[in-house]
């Protein structure tokens with residue numbers, strides 16, 4: 828029985844072991860009549876990053892040099908504002924991820940699942 832408990836994945840707030848920054852797109856005048864798009868840090872939060880496994884699309888993404896992850900964060904007024912136009916940066920590793928989708932999978936507004944991709948041009 829101990830082995831079964833050891834093999835279970837952690838869930839809940841204790842499994843949110845990463846620190847991530849959410850970056851919102853920001854357009855500003857470049858001084859020459861054009862517009863430059865950049866990203867501005869809006870807030871940091873705890874998260875869990877789980878590499879996605881299986882499926883033909885995931886395998887194809889790996890061949891293309893990208894790695895999709897499911898990121899779990901607590902649902903809050905800040906995280907519910909996040910859209911696929913935003914980016915996420917892992918504060919420990921410095922890696923930046925593009926956001927593909929944001930979903931309230933438990934339908935109770937406790938946690939959000941965010942599909943992110945590493946290694947993709949933004």
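Residue numbers (this note's numbering): 828 to 949.
Just so you know, even glycine gets a beta-carbon here, dropped at the ideal spot from N, CA and C.
Keep in mind it's a predicted model, so treat the numbers as computed, not measured.
Point to revise | Selection from 855, 931, 943 that minimises the alpha carbon distance to residue 924 | key: Reading the chain shown from its first residue, position 97 is the one you call residue 924. Of the listed residues, the one whose Cα sits closest to residue 924 is 943.
Check your understanding: In whole angstroms, what is the alpha-carbon distance linking residue 828 and residue 869?
Key -> Counting from one through the chain shown, the residue named residue 828 turns up at place 1. Counting from one through the chain shown, the residue named residue 869 turns up at place 42. With a pLDDT of only 44 at residue 828, under 50, the local geometry of the prediction cannot be trusted, and the value read off the model is given with reservation. Their backbone Cα atoms lie some 44 Å apart in a straight line.
Check your understanding: At a Cβ threshold of 8 Å, is residue 890 touching chain D?
Key -> Considering every chain present, this structure includes no chain D. It has just one protein chain.
Practice item. Could you have a look at residue 906 and say whether DSSP puts it in helix, strand or coil? Key: Residue mapping note: residue 906 aligns to position 79 of the chain shown, counting from 1. For residue 906, the secondary structure class from DSSP, reduced to helix, strand or coil, is helix.
Check your understanding: Straight-line CA distance for residue 903 to residue 892?
Key -> The residue given as residue 903 occupies position 76 in the chain shown. The residue given as residue 892 occupies position 65 in the chain shown. Between residue 903 and residue 892, the C-alpha separation is close to 32 Å.
Check your understanding: Excluding sequence positions up to five away, which residues of its chain have a Cβ less than 7 Å from the Cβ of residue 919?
Key -> Sequence index remark: in the chain shown, residue 919 carries index 92 (1-based). Excluding residues within five positions, the ones whose Cβ falls inside 7 Å are 845, 846.
Point to revise | Candidates 851, 857, 876, of which the one nearest residue 866 by Cα | key: Reading the chain shown from its first residue, position 39 is the one you call residue 866. With distances taken between Cα atoms, residue 866 lies closest to 851.
Point to revise | Whole-angstrom distance between residue 874 and residue 848, CA atom to CA atom | key: The sequence position of residue 848 within the chain shown is 21, counting from 1. The sequence position of residue 874 within the chain shown is 47, counting from 1. When rounded, the separation of the alpha-carbon atoms in residue 848 and residue 874 is 10 Å.
Check your understanding: Just checking, does the stretch 925-932 make contact with the stretch 896-915 on the three C-beta pairs under 8 Å criterion?
Key -> In the pairwise beta carbon analysis, the stretch 925-932 is classified as touching the stretch 896-915: at least three pairs are separated by under 8 Å.
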